[in-house]
Every structure is written in structure tokens, then in C-alpha cells.
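Novice:
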Amino acid sequence: MLILVYSCLYSLPVNASETFKRIGVDDGLPNATIYSITQDQTGYIWLTSTNSGLLRYDGFQFAEFPVLTEAERKQQGSKDVGILLIDKAQNMWAGTWGYGLSRIDAKTGALKRYVSDKDDPQSLAGMQVQTLMEDSHGAVWVGSMSGLNRITAEGRIERIGAKESSTPLAHPRVWSITETLDGSIWIATSLGIQRYREGEGLGPVIQLFPQRNARDNEIRALYRLGNDLWVGSRFGVWHLNPDTLQVTEVPFFAGSVSPIVNLITSDAQGSLLVGTYNGMFRVNPVTRSYTPFRKQQALLPTVNVRAIYLDRSGVIWLGSRENGLYFARHSKSAFTSLHAVLPAIDPELFRQTITAVVADEQFVWLGTAAGVIEVNRQTETLRRLPTAGRVNALAKTTDRGVLVATDSGLFQLNPGQELHAVTEPFAQLPNIVANIRDLVVDKDGSYWLGLWGDGIVHWNPKTQQSQSYLKAQMHQKIGDAVQAIGVQANAVWIGTRYSGVYRLDRATGTLAPVSAASGLKLPSPDVQCIEPTPQGTLLVCTATGLIVYDPVSQTQSQLDKSTGLPSENVFGAYQDAEKNLWIMSSKGLTLKQPQTDRIITFSEQDGLVATELVFNAFYDDGQGTMYIGTIEGLTMVEPKYIWINDTEPKVAVSRILVNNQQVPQSPVAGQLASLTLQPNENAVEFSFAAFDFHDPSRNQFMYRLKGLEENWLMQPGKHSAYYSNLPPGEYQLEVRGSNNHGLFNQTPVTIDVIVLPAWWQNHWIQAAGVLLFVVGGFVVHLYRLRHMQQINRLLQESVQQKAKAQLILETKVAERTQALEESSLTLSLRTRQLEKSLAEVAKANRELKRLDQLKDEFISTVSHELRTPLTSIRGAVGLIAQKVVQPATESYEVLITTALHNCERLGQLINDLLDVQKFESGKFNLAMKPVELIDLCQQAITAMQSYAVRYQVQVIGEFHHLNEVWVGGDALRLRQVLDNLLSNAVKFSHAQGVVTLSVDCLDYAVRLQVIDHGQGIPLQFQQRVFEKFSQADASDTRAKEGTGLGLTICKKIVESHGGRIWFESAEGQGTTFFVELQRVSRPNDDD
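This is the structure in C-alpha cells:
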């Protein structure tokens, strides 16, 4: 009974995680076969392999160290190293396959070689070293293919069990060596086990199968645990009692055959770890039975495990033949997958995105994009239940049923039964679409349903009543939806996609947005979860961080990247009974423990099925297990087994590159204390290592180069520092590193860096240079001073001579200056006269050019206007004269009308020219008398109708009920103004357009407006509208006829009446001309 209880306690904590990380050739491993693994006192992992010497691994890169002399390497290259031993004095012993034994001294780094010599009985027994072991006296035992040696602490080599000795080895090939507590040495050979005792020599052979052939008695591994010996053979693991020499087989798993054993070791909990041709197995030494890893017999069952090593941080390393290097944390993992729990089910069935999850003691229900998967853990079977849409949420009902919320409605599932639709909540709400994004079952059994675009629905199955909230608000923004619901005793909290958080008061039914006035300041309106905590606070997940909100005190705290979150896009959050805060994001599962600011993120390396978690896919069964959906399946978490790495890592500078060349390193040397850079060595790179191998990719480093930098630098994901062109001087590099959970070591590793100056940067050379410069400058100064004195004497003589000449010169200059001044005055007068004459000539020239241009324009315009009607007249008269048409016919009348019309046009042109001539000569006279303006306007409109018909334009008058309006003026000339303005408006209107003539009475004046809606006057032409012969289109091919004199005549006539004329025009909208005339009283009938 005692053994059974002890066995149970023994096996609980040693369930190793099945998640191994592999390092292969693509990761920098020189060769995929690893024969042995160990760790030195600094923390480096050391490996032996094929064709690559000794390999040192710092978590990021491998460094190779030779075990042969330079001459041997030149001749033979790097050879296989099969075994490595680091003794108590930190000397390194490397056994090669075919090239003997090498020893690297821990103090000097000197390499010593041990080889086989048939003529020397004290040399190695063979060149192919199989195993090494250091005994309690410091002697190193060397087993090879050809025999056994012992190298004492003093360096003396002894041959043990030679064929010619009294107690020879049963077989020359030695596979393994170990020592028991009594000092006995046990040797495993290809024919069995022998014990060696000092003074007695080798004892008799112990065989597993004395009656069978030699190969069946091959012993490949020996391991001492306590005072028990464990034997590895071709037929599994055996127990050897050192006292009785009794050998007992450890029975293998029923129905299976044990693979060939390569090695045996133990873990920190005392279990035996057995490396075989088919993975790593575990044996309970108390019950002497194999113990599975969860439900797996072996870890890495397809890998030939040749080496097992458990490092000081609890990481287990497995070396394989042709499969590379594996490592993982060797402890019970808090994380597992459904496949690990239910290995009978095809793992591919679980490898899909899990969108929702709930569970009980028997079943696990998984939501997916295509439906529900029901997993029966007792029978290890599953059922697929398809739905028409994505499953967004699952919830357990009070009667052990499961509610399924999908894009296409609500369903209920009872264990072992089929899905059936739940339509009652929406029957009373016909305008609501059952696209359900979140689902919460209240304590009273009612449902809260969060919908896409239609707010939230509360359904009470007992009363069969539905109530809708927030629908109108959701319709205000396209795509808005209720994504999260948090239910408390007095309120329901609603998280939306675009509109933040709403609070529904359960007592009054009042719904209101929660704003900053209530203490909630959301960093993003996209709310992805609302989770009430046992303390009454709310966890509010947003796209830019997590808010912990207290609705009572109306305060909040925020977690984001600045506080250590790996991603600010938080999918879900939960607080367990121990007040641990669990946060889900696309970059893993994050834990924040109470009473600490430390934030730890777990990833695939910790056991998650996938690092990227899924929105709203979380469930706590209340029995110590949490279920988390990922994009690759379901992860189950047992928080009580969560391991937090609280061990400060040792840190080292593992590699130094100077000018891109590696600084030579010794495999046994500790941390480099100082580095001296020559003047031409202007680039240096330091690579860092933190000796915590749980997940080296998450180890972080901070560093600074004192003397250059005051603040610590940290670059996530980078494990090196690069400096170039450092000024000469003395510096100190300080480095701190963290483990995979972000804990940094407190005492930094330091390296003194000395940058030597160039020869010209030495202080004494610089001082000598300064002194030489000063002396040279003083000598040059004396020379220049003497030279300047001589120059000054010569200059003084020259100045005196020049002074005399200057006096003579000044007299002559004064005389000539007076003459020049007189000449200059005369020249200035003539220049001003010439400039005035030139200005007058230029002005006259400009005027002549203008007159010439006007003449050309006048000739061109008049010629065009005369030619057009004359051509028409000539054509009509010619047809009549040639009797092409007969009199009294319609065609004859048309020709006569055409000739008459063009004669009138010629007459009008001549009249306009005469009027302009009168204006220019000042002979323009007006017959001024009172004129009734309304009647005059009506006459002009009537006369214009036939002209307007030609252009399909309507001319109307607007007189605002005015009967008579009198102005002083010449009726004939005023009529001429009206005719010109109306004809222009008609001519430039669009077909079917309207031209309006309106009359308005002001206080002392009358205003006429001629309005058209035609093409308008171009902006660049508007300043020249009233100039003679001005036309917007003055080309010979213009579409509109006219001389360009009409508006000029109008302006002259209006101004001669003491009035004014102007216009307003917009291109494409039309033009309005305004005429203002002075108003007079109505004349008496006698006048």
C-alpha cells in the first residue's frame, strides 16, 4: 500500500509536455546527428556531432571548437566527436570516433591528445572512444571499441582488462561506465556487465540471457540512481541489484515490443528517462514500470534518441540520429490539446478554428465556422452537427442543455440529440434578423442575445416574452453590432462594434451610453468583450487595449503595449477565483497576477495549440480547467499547473566581431573581461546570450556602453549591439538579459572596451604638434615683422613723393572739373529736351498705331457688313432679272423680301456710321421733350416681334402695372436705344428663349432692364463692350451679324440724355442691360 501511494505521488509532477521545439540544419546546426549533450558552468549547451568538432550553443547560434591539433585538422579535417565530459575541474574531455581522446585544460585552454599505440601498453586501448566517466576520485574512465582505460587525476594512463591481464574484459567494446556508492565501477560491454573493484580487478560477467547468443547480451547503457543500477539493452530496461547481482526485467507496455535502448538518465523528480531507437520513454524506479506521458507511451516516437540532458533551468534536451536537436520544458504542462487527452480521435478533426466552447464533466462542445462538434470524453467519440452559419457563441442552460448562437439563428442542443431551432425569442419581433453575435444565459434562466445591426433581445422562456433594446441606435451606423454582453445583478452592459458601451438598468429599463462622464474613457469604440469580475468590476476588451472599469467608483485602469501586452487588440479577458487576470489576443494568452505589474505571455512554446486566439472563444468549467479556442484547435489550461519562470538567467557576451571578424575564443575560457580595439578596428559587434533555454526567442536584452550612453537600450527580438567609429577612450559595456517570462538579471555582465588612438591622436604627439606650431608661428611672426618694417620705410618714401605729385594733380583736376561741370550742365539741358521730344513722338506713335488698328477694324467690319447684304441683294435681284422665278409666286415674294430686308440692313449700317460720325464731330443734336416711356417700350416690343421670330425667341414686357412714365428726351433716339438693346438680346439668346423688357420707377429716375438668358458676355470682353467696332467674335466667320457700333451709339445717346447705361453678365447664364433716365412730370395737355 505504501509503495502504491508513493508511486502515485511520484508520477504526478513529471508529465512532460509533448511540445518539443526542433533545431535542425536550417537553424544553423552543422549536422543533424547529436551524440551527447552537456552544460558548462557558464550556461552554454555543448553538443558532439559528426564532422563538426565540439559545438557550443547559446540559444541563438552555434560555435564550433576543434578537438584535433592544427596539423591533424589540415591532414584529416574535423571528425566525429561521440562523447563529451566536463569534469569537476571544468576540463573538457572529447572522445572522437577514430582519432582518440582530446583534453582541453580549463585553466590554460591547452589541447592535449591521447591516442592508441600498440607498442605502448599505457596508451589508449582504441581510437574509437565510446564512453567517458569521471569517478569519485577524479579519474576519467575511457571506454572504446578496443578496451578500457583509466586516466588518473595526476594524468597517468592505465589499461584495464587487457586480454593479457588476469581479469580481462568479456568483450573489448565498452558501451557505458558508471560508479556505485561503494566505489565499484560497472562496465557495460557487448557481452554483458562487469564490476571493477580496486585491488580485485574485473569480476565475472553478468548476462541477461546466459543461454543465448552474444548479441542478445549486448549492454548499451548503465545508469546509477541511488544505489540501484539500471541497464539498457537491445530488449529494453533491466534492474540490477549491486549487492545480489540479480537482474530483473522492467516489463514493457502490454502488446508492444521494447525498442533498442541507447541511454538511461533521470530527471529532477527521480523518474528514469530512457532514450531509444523509437523516442524517449519513462520508467518509474519505485514500481519498476513504464509510465506513459499522458496517454502517449513515448515522446518523439519516430526519433532515434541518442542523448538526453536536463539543464539547470529545467529544460530537457534530446539529441537524435539524423533528426537534429530537440528541447522542451520537462514538467507537467498547464496546457494541453484535445488530441493529447483523446488520442484515439484523429487529430486532424480538431485542427480548425474554434469560435466558441463550453464543457461539462462528460462532453466538450466546440463552435466552428460550419457548426458544432460534440466531443464525448468518456467514449472518445465526436459528432458533427452542421449549422447554416458560423457559430458565434455557446452557453449552457439550466437544464444541462446547450444554446448555440449562429449567424442564422438560435439553436438548442441536448447531449446526444440533434440541433433544433429556437424561434420563440424572435416570433414577437418580426423585423429583427436573428444574426446573433453573443449569448448570455442569466441566473433566472432568461437569455440575452446580442445581434448584428438590431441591438439586443431579452427572452424569458418562462413568460414567453421578448424585449428589444438598442435597435434604433444600431441602425445609425452601417455595420454596427452588439459584440459583447456583461450581466450583473442591477445592470446589463452592452459592448458594440462602433458605438462603445451602453448600460441597461434592469430595474427601470433605461438604456444609456456609458461615456467619460461616468469614468469610462474607451481608447477605441470597438468593444470585443465585457466580462464582470467577482469584485464587481468590468473587464472591457477593445481593439486598442483592455480597460478594468469600476462602475461604483467610476474609475478605470488600462493595459496596453506600454504596460507589457504583446498586442493591444484584445479578444477576451477573464478573472479567475485567485484574481489572476487572463487576457487573450492574436499573440497568445497573457497572465497578470494580482499585486504585481509583471505581465507574462504564453505561446506555442509553452503549450498553446496556436498563438493566435479567437474572439469570444473562452470557457471556465469551474473545476480547474479553462478552454480556449485558437485558429488551430482547442487548448485546455489548468491554471494550478501554470509555471512562472522566476529564475534570473545567467548572461554572457557569447561572440564578438571586430571589423566583421570573430574574436578568437577558447571553449573553457569564461567571460572576456576586456577588449582592446586598434585604431584601424572601427566596427565592433557584441552578441548576447541569456542561459535560459525555455524559449530563447523571447529572451530580451538591455545594454549600454558607459562613456558613450547613459540610458539602457533594449530592442525586442535583437540579441546583439553594434558600434562603429568609437572615439578613442575607455568604455564599459553593460548587458542584462531576461528569461522567457521577462525577468531580467539584476547584476549586469561587463566588458571593458579600450579604443586605442591613432598615432596622431596620442596626447604627447598632439602636445608636441601644438608646441611646434607655436614656435613656428613665432618665427614666422618675427620674419614678417622685420619684413613689414622694411616695407613701411619704403612706403613712407613713396608716400612723400606721391604727395607732391598729388598736389600738382589736384590743381589740374580742379581746373578740368570746373570745365566738365559747365559742359555737363549744358548736356543735361539738351538731354531733358530730347527725352521730352522722344516721349511725345512715342505717344504720337502709339496713337497712330491705335488709329491704324481702328482703321483696319473699321474697314474689316464695314466691308463684312456691306458685303453680306449686298451679296444677298445681288443674288435675289439676279434671280429675278434672269427670270428664274416667276412674278406673283411664293419664291418671287421671298426674293423680294430678302432684297428689301438687306436694303434696310444697309440703310441701318449707314445710319449707324453717320451717327458715330456725328458723335465724333460734335454735331449730334437731340429734340428734347417729354416722352411717355411705357408706350415707347410697347412700340419697340411690337416692332421687334418679327425679328424675334427669326431667332425663335419671345420678347415680353414687364411694366409692373405702370400706365404712364415720363422722361425728358428725344423719342426717336430713345427708341433707337431700345431697338439696339432688344435686337442684341434676341440675337444672342438661345432658341425658345425669352427676352424681357422691364420698367421700374425710382425716386427721381426710371430704370429700364433688358434681360436675356443667352450665352452671356465673355469675361475678357466685358471691359470693351461699349467701344466702337467691339465684338466678342470679330472674325470673318462669326455666327452673329453686326458692326459693333450699336452699344457705342446707345451709350452716347443715354449719356447725352444725362443718364447712364451698364450691364451684368455671367457666361452661360445670360446678360442684363440697365438704362437709367431722369424722370419728369406729366406735361399739361396744353403743352
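For the sequence shown, the residue numbers in the working numbering are 35 to 1121. C-beta: ideal position from N, C-alpha, C; glycine also.
Would you tell me roughly how many angstroms separate the C-alpha atoms of L647 and D640, rounded to the nearest one?
Specialist: Computed Cα separation, rounded: 14 angstroms.
Novice: Taking 9 angstroms as the cut-off, decide whether the C-beta atoms of A644 and T681 are in contact.
Specialist: Cβ distance not < 9 angstroms, so A644 and T681 don't count as in contact.
Novice: Between the Cα of H454 and those of N469, L334, L419 and N426, spot the shortest distance and give me the residue it belongs to.
Specialist: Here the closest residue by C-alpha is L419.
Novice: Determine whether the beta carbon atoms of P559 and R531 lie at a separation below 9 angstroms.
Specialist: Closer than 9 angstroms, so yes.
Novice: Between which two residues does the alpha helix (DSSP H) containing D560 stretch?
Specialist: Counting along the chain, D560 falls outside any alpha helix (DSSP H), and DSSP gives it neither H nor E.
Novice: Classify E395 as helix, strand or coil using the three-state DSSP reduction.
Specialist: Note: E395 maps to coil in three-state DSSP.
Novice: Near G1092, what residues of its chain come up, given a Cβ to Cβ distance below 7 angstroms and the 5 sequence neighbours on each side ignored?
Specialist: Excluding sequence neighbours, G1092 sits near Q1112.
Novice: Using the beta-carbon count (16 or more within 10 Å), is D969 buried or exposed?
Specialist: With fewer than 16 other Cβ atoms within 10 Å, it is exposed.
Novice: Going by Cα to Cα distance, which pick from V392, H171, S218 and A159 is closest to I191?
Specialist: The shortest Cα separation from I191 among V392, H171, S218 and A159 belongs to A159.
Novice: Between V561 and T571, how many whole angstroms is the CB-CB distance? I'm expecting something under 8 angstroms.
Specialist: Going by Cβ atoms, the distance from V561 to T571 rounds to 15 angstroms, so no, they are not a contact pair.
Novice: Going by CA-CA distance only, name the one from R346, A518 and E452 that's closest to L483.
Specialist: Out of R346, A518 and E452, A518 has the C-alpha closest to the C-alpha of L483.
Novice: Using the C-alpha atoms, what's the distance from I120 back to D729?
Specialist: About 25 angstroms.
Novice: In terms of DSSP beta bridges, what is Q1043 paired with?
Specialist: DSSP, once it has assigned bridges, lists S1032 and F1108 as partnering Q1043.
Novice: What are the partner residues of A97, as DSSP defines its beta bridges?
Specialist: Paired residue(s): R90.
Novice: What span of residues does the beta strand (DSSP E) with A724 cover, start to end?
Specialist: Element bounds for A724: A717 to A724.
Novice: Tell me the DSSP secondary structure of Y737 in three-state form.
Specialist: Note: Y737 maps to strand in three-state DSSP.
Novice: Which of the three DSSP states is assigned to V337 in this structure?
Specialist: Coil.
Novice: Quick check: what's the CA-CA separation for P750 versus Q124?
Specialist: Cα to Cα, P750 sits roughly 34 angstroms from Q124.
Novice: I want to know whether the region 466–477 touches the region 433–450 - three or more CB-CB distances under 8 angstroms.
Specialist: Yes, they touch.
Novice: If you draw a straight line from the C-alpha of A922 to the C-alpha of G1003, how long is it?
Specialist: Spanning the two alpha carbons is a distance of roughly 45 angstroms.
Novice: Residue range of the alpha helix (DSSP H) that K430 falls in?
Specialist: No alpha helix (DSSP H) holds K430; the beta strand (DSSP E) holding it covers V425 to K430.
Novice: Let me know the secondary structure DSSP gives Y360 once reduced to three states.
Specialist: Reduced to three states, the DSSP call for Y360 is strand.
Novice: Tell me the DSSP secondary structure of H728 in three-state form.
Specialist: Note: H728 maps to coil in three-state DSSP.
Novice: Candidates N448, P449, L444 and K477: which alpha carbon is nearest A461's?
Specialist: Out of N448, P449, L444 and K477, L444 has the C-alpha closest to the C-alpha of A461.
Novice: Which stretch, first to last residue, makes up the beta strand (DSSP E) that contains F605?
Specialist: Taken as a continuous stretch (DSSP letters only), the beta strand (DSSP E) holding F605 covers V604 to Q609.
Novice: Measuring alpha carbon to alpha carbon, tell me which of W527, G313, I379 and T325 ends up nearest W351.
Specialist: Taking only the C-alpha atoms, the option nearest W351 is G313.
Novice: According to DSSP, is F327 helix, strand or coil?
Specialist: Three-state DSSP puts F327 in a strand.
Novice: Between the Cα of G741 and those of A724, A302, D786 and H775, spot the shortest distance and give me the residue it belongs to.
Specialist: It is D786.
Novice: Take G423 as the anchor and find which of T432, A403, N410 and L416 has the nearest alpha-carbon.
Specialist: Here the closest residue by C-alpha is A403.
Novice: Pick from T1105, F1055 and H995: whose alpha carbon is nearest that of H1047?
Specialist: Among T1105, F1055 and H995, the Cα nearest to that of H1047 is on T1105.
Novice: Assuming T976 is part of the beta strand (DSSP E), what are its boundary residues?
Specialist: Per DSSP, T976 belongs to no beta strand (DSSP E); it is in the alpha helix (DSSP H), L967 to R984.
Novice: Look at F54 and F243 and say whether their C-beta atoms are less than 9 angstroms apart.
Specialist: Not a contact, by the Cβ cut-off of 9 angstroms.
Novice: Whether or not the region 394–412 and the region 89–101 are in contact is what I'm after, with contact meaning three or more pairs of Cβ atoms, one per stretch, closer than 8 angstroms; do they touch?
Specialist: No, they do not touch.
Novice: Is it a yes or a no for the region 678–698 touching the region 410–418, going by three-plus beta-carbon pairs under 8 angstroms?
Specialist: No, because fewer than three Cβ pairs between the region 678–698 and the region 410–418 fall closer than 8 angstroms, the two stretches do not touch.
Novice: Can you tell me the Cα-Cα spacing of G266 and A255, whole angstroms?
Specialist: Those two C-alpha atoms are separated by around 5 angstroms.
Novice: Assuming P459 is part of the alpha helix (DSSP H), what are its boundary residues?
Specialist: Where P459 is concerned, the enclosing alpha helix (DSSP H) stretches over E458 to A461.
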